[in-house]
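Heads up: the sequence lines are chains P and G, in that order.
For any residue, its number in my numbering is found by taking its place in the first sequence, counting from 1, and adding 23.
For any residue, its number in my numbering is found by taking its place in the second sequence, counting from 1, and adding 12.
Remarks on the structure that follows.
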Amino acid sequence: MTTKRKAPAKGAKATKRTASRSKNALAGRAAMAVATSPKRTVKQRVAAIAETPLTICESDKDLQAMLNLLRDRNEPIAVRLAALQSLQAASFSVIAFEACRGDYIATLREVVDDPDPELRQRVLGLLAREKDGFAQKKLIDGLEHPERALVPPEKALQLLAYDVHAEAYAVARDVIRNPPNEDSRREALRLLSADATAAPIFEKLLGDKNELAEIRQLSASALQALRPEKLQTQAREILLDASDYDEIKATSLTALTQFGNEESVANDVELRNRVDEMAATASPNVKQSARRFVDRYSK
Amino acid sequence: MRVEIQINNSASPGASFVSWAPSPCRIRITDPTGAILPIVPIQLRSASAATAGAVRFRSGTAGAFADTLTLQVPANGTSVSFFTAGRFGRPSSSNGDVRIEARAGTTLIGSVPLMVRVRKNANTLSAAERDRFVAAFAKLNNQGTGRFTDFRDMHTNVSSPQAHGAPGFLPWHRAYLLDLERELQAIDPSIALPYWRFDQASPNIFTLDFLGVSDNLGTVHFSPNNPLQFWRTDGVQGINRRPFFSTAQAPPGLRNETNTLGLGTGYAAFRTLEGNPHGTAHTSFGGSISSIGTAARDPLFFLLHCNVDRLWAKWQRRNGRFNPALAASYDTSPANPIGHRLPDTMWPWNGITGGQRPPTAPGGPMAASALVSAPGPQPIVQSSLDYQGSVNAASRLGFDYDDVEFA
Numbered sequence: 024m025t026t027k028r029k030a031p032a033k034g035a036k037a038t039k040r041t042a043s044r045s046k047n048a049l050a051g052r053a054a055m056a057v058a059t060s061p062k063r064t065v066k067q068r069v070a071a072i073a074e075t076p077l078t079i080c081e082s083d084k085d086l087q088a089m090l091n092l093l094r095d096r097n098e099p100i101a102v103r104l105a106a107l108q109s110l111q112a113a114s115f116s117v118i119a120f121e122a123c124r125g126d127y128i129a130t131l132r133e134v135v136d137d138p139d140p141e142l143r144q145r146v147l148g149l150l151a152r153e154k155d156g157f158a159q160k161k162l163i164d165g166l167e168h169p170e171r172a173l174v175p176p177e178k179a180l181q182l183l184a185y186d187v188h189a190e191a192y193a194v195a196r197d198v199i200r201n202p203p204n205e206d207s208r209r210e211a212l213r214l215l216s217a218d219a220t221a222a223p224i225f226e227k228l229l230g231d232k233n234e235l236a237e238i239r240q241l242s243a244s245a246l247q248a249l250r251p252e253k254l255q256t257q258a259r260e261i262l263l264d265a266s267d268y269d270e271i272k273a274t275s276l277t278a279l280t281q282f283g284n285e286e287s288v289a290n291d292v293e294l295r296n297r298v299d300e301m302a303a304t305a306s307p308n309v310k311q312s313a314r315r316f317v318d319r320y321s322k
Numbered sequence: 013m014r015v016e017i018q019i020n021n022s023a024s025p026g027a028s029f030v031s032w033a034p035s036p037c038r039i040r041i042t043d044p045t046g047a048i049l050p051i052v053p054i055q056l057r058s059a060s061a062a063t064a065g066a067v068r069f070r071s072g073t074a075g076a077f078a079d080t081l082t083l084q085v086p087a088n089g090t091s092v093s094f095f096t097a098g099r100f101g102r103p104s105s106s107n108g109d110v111r112i113e114a115r116a117g118t119t120l121i122g123s124v125p126l127m128v129r130v131r132k133n134a135n136t137l138s139a140a141e142r143d144r145f146v147a148a149f150a151k152l153n154n155q156g157t158g159r160f161t162d163f164r165d166m167h168t169n170v171s172s173p174q175a176h177g178a179p180g181f182l183p184w185h186r187a188y189l190l191d192l193e194r195e196l197q198a199i200d201p202s203i204a205l206p207y208w209r210f211d212q213a214s215p216n217i218f219t220l221d222f223l224g225v226s227d228n229l230g231t232v233h234f235s236p237n238n239p240l241q242f243w244r245t246d247g248v249q250g251i252n253r254r255p256f257f258s259t260a261q262a263p264p265g266l267r268n269e270t271n272t273l274g275l276g277t278g279y280a281a282f283r284t285l286e287g288n289p290h291g292t293a294h295t296s297f298g299g300s301i302s303s304i305g306t307a308a309r310d311p312l313f314f315l316l317h318c319n320v321d322r323l324w325a326k327w328q329r330r331n332g333r334f335n336p337a338l339a340a341s342y343d344t345s346p347a348n349p350i351g352h353r354l355p356d357t358m359w360p361w362n363g364i365t366g367g368q369r370p371p372t373a374p375g376g377p378m379a380a381s382a383l384v385s386a387p388g389p390q391p392i393v394q395s396s397l398d399y400q401g402s403v404n405a406a407s408r409l410g411f412d413y414d415d416v417e418f419a
């Protein structure tokens with residue numbers, strides 16, 4: 024693939040810009056020479072790669088050299104990861120990077136099944152954030168057939184959440200029913216927090232005192248978005264229940280302080296009395312959020 | 013005798029905010045009881061605790077600021093103008109922690125509380141400042157249904173050419189941050205957007221009570237007291253952010269502030285900071301912040317860009333680059349794409365869609381300010397340059413950084 028070069032501009036200002044670009048191009052070539060040299064140390068090569076971001080697309084030769092570093096399994100992984108980061112940083116200069124984007128995405132797809140797990144994870148993350156169908160299929164395939172998984176199931180679920188749709192919800196529900204580990208269950212729940220029909224799942228989890236605090240906290244957050252009136256009711260019950268745990272009480276207080284229905288909370292004498300007590304006597308975490316609640320609803 | 017003092021020439025408490033750049037004010041006698049002469053000398057001074065904000069005064073649009081100012085004020089109620097500005101190095105830590113006091117002789121005849129509100133290093137915010145900021149930010153997000161959705165939708169792959177890879181990168185993001193900050197201030201006027209000083213260790217940012225702690229997966233965890241636990245974007249709960257470095261230190265490979273400011277004295281050279289440190293800061297993480305299309309899903313994005321903007325502000329101050337008529341202040345190549353030339357209106361505030369602009373324009377016009385009229389509802393690229401009103405006082409945008417003074 025050849026890169027179109029811009030025709031040189033005219034005039035003193037333009038001459039200065041051309042000189043500046045030439046200087047950048049020279050600096051970029053020097054950095055690339057170090058980056059691609061097997062005689063240099065990994066540290067030197069990584070440092071040189073960090074100097075290249077904006078110049079990559081100015082030269083097809085430099086771009087291909089960087090892509091080759093990324094795809095070459097014989098290169099040290101630190102160099103390959105640095106190449107990936109450099110390309111990623113260059114992609115933030117969208118207009119300049121447009122000419123490179125096709126090759127970049129194609130190379131990322133080539134390396135999704137690389138032997139190095141960190142590289143696989145980063146590349147799949149980049150592609151997932153681009154809502155790349157190729158990557159999404161690989162992630163779902165790995166969840167349905169663990170022997171083909173390229174990343175752990177919890178990571179696959181986390182990445183699928185960048186583009187939630189029906190197929191991802193179905194996979195998430197399967198994982199919740201039969202979780203390979205707790206992290207997977209948590210990420211499946213997080214993915215499902217975008218599914219309006221999942222509200223009953225979160226209601227049940229929030230109300231279950233035997234659940235992990237983290238899951239209950241996530242459930243409260245999800246319910247606050249999916250069915251805020253339900254969260255308000257459950258938060259109230261949690262706060263009035265002397266046997267429930269501090270973390271979920273603090274979360275409930277935070278929810279009501281930030282997002283509570285002002286009129287109904289302000290008129291709820293039983294709740295306000297209970298929170299007044301907490302503001303005076305509870306553990307430090309709960310006391311802090313109780314005081315914020317009192318502060319809000321006493322105004 | 014009583015006086016009324018107006019900050020930013022407004023009686024509204026919402027206008028009682030100043031920064032390092034001078035704010036126009038006025039004073040008038042509202043009750044002349046006890047005035048013997050038709051003109052009353054009134055002394056203004058700043059009153060505050062040692063750890064609070066402090067202000068200084070001058071009578072006109074030029075000249076040095078002083079700790080006190082004596083004005084000759086007519087007893088008939090005619091206003092007299094003056095200017096006040098925060099004393100550099102003495103920002104406020106809460107709303108109203110400094111007062112301007114007016115005295116006739118030794119008698120206090122009036123005072124007004126105000127705040128020296130400037131953008132600070134997020135790593136050094138007090139707990140109260142931090143908590144106010146996260147509460148306001150969470151409220152703006154409002155579990156994914158709030159006004160923040162517009163800000164998220166302004167920064168996508170589709171809209172990216174409006175704001176990246178060309179000279180308008182810095183002006184566009186300055187306007188973007190300003191719009192967001194004004195929306196936060198509509199929730200809590202004591203808020204100023206803090207910055208993540210990414211070339212320094214910032215362990216106080218990556219905590220359960222602030223922007224969260226990432227686990228090995230990159231899921232960000234918050235304290236049960238932190239309202240950011242309810243953060244939601246694109247319909248999904250939570251934030252994905254996996255640092256590739258220890259958050260007790262700065263990310264490696266970033267161009268530091270000294271070297272960034274030394275990129276060049278002309279804008280064309282300076283704006284290469286878009287690659288490093290800006291792009292490198294983004295890609296020091298895995299997760300949403302590391303890709304353009306998803307970066308604005310992470311609240312850290314705004315603190316990252318606040319630092320990029322601070323670097324630009326500092327470079328402008330160091331090199332005198334506020335005047336758009338000065339060639340070195342901006343890159344005015346005729347080849348610049350639309351939205352990147354000085355007189356161009358900026359998407360999305362211009363509401364223009366289609367053609368060379370994205371298909372939608374979320375968010376509507378730029379948020380207004382009680383302090384200043386600039387940049388107006390549809391800012392142009394040029395309006396981002398003279399943010400302190402150094403060249404034209406009417407260009408002042410109403411924000412400042414704690415470590416970039418007004419000369």
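Think of the CB as a built atom: it goes at the ideal place given N, C-alpha and C, for glycine as much as any other residue.
Starting from residue i, find everything on chain G with Cβ-Cβ shorter than 7 Å and list it in chain order.
| i | result |
| --- | --- |
| residue 311(P) | 237 |
| residue 185(P) | 306 |
| residue 247(P) | 155, 242 |
| residue 217(P) | 247, 248 |
| residue 308(P) | 236, 237 |
So with CB distances below 7 Å, who are the chain P contacts of residue i?
| i | result |
| --- | --- |
| residue 229(G) | 177, 178, 181, 206 |
| residue 295(G) | 108, 111, 112 |
Which residue from the options puts its Cα closest to that of residue i?
| i | options | result |
| --- | --- | --- |
| residue 113(P) | 138(P), 144(P), 129(P), 86(P) | 86(P) |
| residue 392(G) | 33(G), 160(G), 360(G), 24(G) | 360(G) |
| residue 239(P) | 213(P), 220(P), 163(P) | 213(P) |
| residue 265(P) | 130(P), 241(P), 300(P) | 300(P) |
| residue 148(P) | 188(P), 181(P), 164(P), 67(P) | 181(P) |
| residue 116(P) | 262(G), 59(G), 180(G) | 180(G) |
| residue 101(P) | 81(P), 120(P), 71(P) | 71(P) |
| residue 105(G) | 64(G), 152(G), 388(G), 314(G) | 64(G) |
| residue 292(G) | 313(G), 274(G), 35(G) | 313(G) |
| residue 276(G) | 226(G), 336(G), 343(G) | 343(G) |
| residue 183(G) | 29(G), 321(G), 418(G) | 321(G) |
With 16 as the cutoff for other CB atoms within 10 Å, does residue i come out buried or exposed?
| i | result |
| --- | --- |
| residue 185(G) | buried |
| residue 321(P) | exposed |
| residue 14(G) | exposed |
| residue 48(G) | exposed |
| residue 323(P) | Because chain P in this structure spans residues 24 to 322, residue 323(P) falls outside the shown range and cannot be described. |
| residue 420(G) | Nothing about residue 420(G) can be reported from this structure: the residues present for chain G run from 13 to 419 only. |
| residue 241(G) | buried |
| residue 65(P) | exposed |
| residue 284(G) | buried |
Using a Cβ cut-off of 8 Å, pull out every chain G residue sitting near residue i, in sequence order please.
| i | result |
| --- | --- |
| residue 103(P) | Neighbours of residue 103(P) on chain G: none; closest Cβ ~14 Å, over 8 Å. |
| residue 73(P) | 265, 288, 292 |
| residue 50(P) | Those do not exist, as residue 50(P) stays about 10 Å from chain G at its closest Cβ, beyond 8 Å. |
| residue 152(P) | 300, 302, 303, 305, 306 |
Name the chain P residues whose beta carbon is nearer than 8 Å to that of residue i?
| i | result |
| --- | --- |
| residue 271(G) | Under the 8 Å cutoff, chain P gives no residues; its nearest Cβ is about 11 Å from residue 271(G). |
| residue 298(G) | 144, 145, 148 |
| residue 176(G) | 115, 116, 117, 118 |
Which chain P residues are close to residue i, counting only those with a beta carbon under 9 Å from its beta carbon?
| i | result |
| --- | --- |
| residue 349(G) | 118 |
Mind checking if residue i is an interface residue toward chain C, Cβ cutoff 8 Å exclusive?
| i | result |
| --- | --- |
| residue 131(P) | Looking for chain C here will not work: the only protein chains present are P and G. |
Whose Cβ in chain G lies nearer than 9 Å to the Cβ of residue i?
| i | result |
| --- | --- |
| residue 196(P) | Per Cβ cutoff of 9 Å: no residues; residue 196(P) is ~15 Å from chain G at best. |
| residue 173(P) | Neighbours of residue 173(P) on chain G: none; closest Cβ ~15 Å, over 9 Å. |
>> Assess contact between the stretch 332-348 of chain G and the stretch 292-306 of chain G, defined as three or more Cβ pairs (one per stretch) separated by less than 8 Å. Is contact present?
In response: no
> Which residues, in order along the stretch 245-262 of chain G, keep a beta-carbon less than 9 Å from a beta-carbon of chain P?
Replying inline: 246, 247, 248, 249, 250, 252, 254, 256
>> Output needed in chain order: residues of the stretch 134-166 of chain G with a Cβ under 9 Å from some Cβ in chain P.
In response: 143, 147, 150, 151, 154, 155, 156, 157
> Counting pairs of Cβ atoms below 8 Å between the stretch 45-59 of chain G and the stretch 78-85 of chain G, do you hit three or more?
Replying inline: yes
> Counting Cβ pairs closer than 8 Å, one from the stretch 269-279 of chain P and one from the stretch 234-252 of chain P, do we hit at least three?
Replying inline: yes
>> By the 8 Å beta-carbon criterion, what residues does the stretch 280-303 of chain P contribute toward chain G?
In response: 280, 281, 282
> According to a CB-to-CB cut-off of less than 9 Å, which residues of the stretch 224-244 of chain P neighbour chain G?
Replying inline: 236, 237, 240, 241, 243, 244
> When you check each C-beta in the stretch 253-283 of chain P against every C-beta of chain G, which residues fall closer than 9 Å?
Replying inline: 269, 270, 271, 272, 273, 274, 275, 276, 277, 278, 280, 281, 282
> Are at least three pairs of beta-carbons, each pair with one atom in the stretch 369-384 of chain G and one in the stretch 157-177 of chain G, less than 8 Å apart?
Replying inline: yes
> Taking three-plus beta-carbon pairs below 8 Å as touching, is the stretch 14-33 of chain G in contact with the stretch 93-109 of chain G?
Replying inline: yes
>> For the structure I just gave you, are there three or more beta carbon pairs, one from the stretch 56-63 of chain G and one from the stretch 224-239 of chain G, closer than 8 Å?
In response: no
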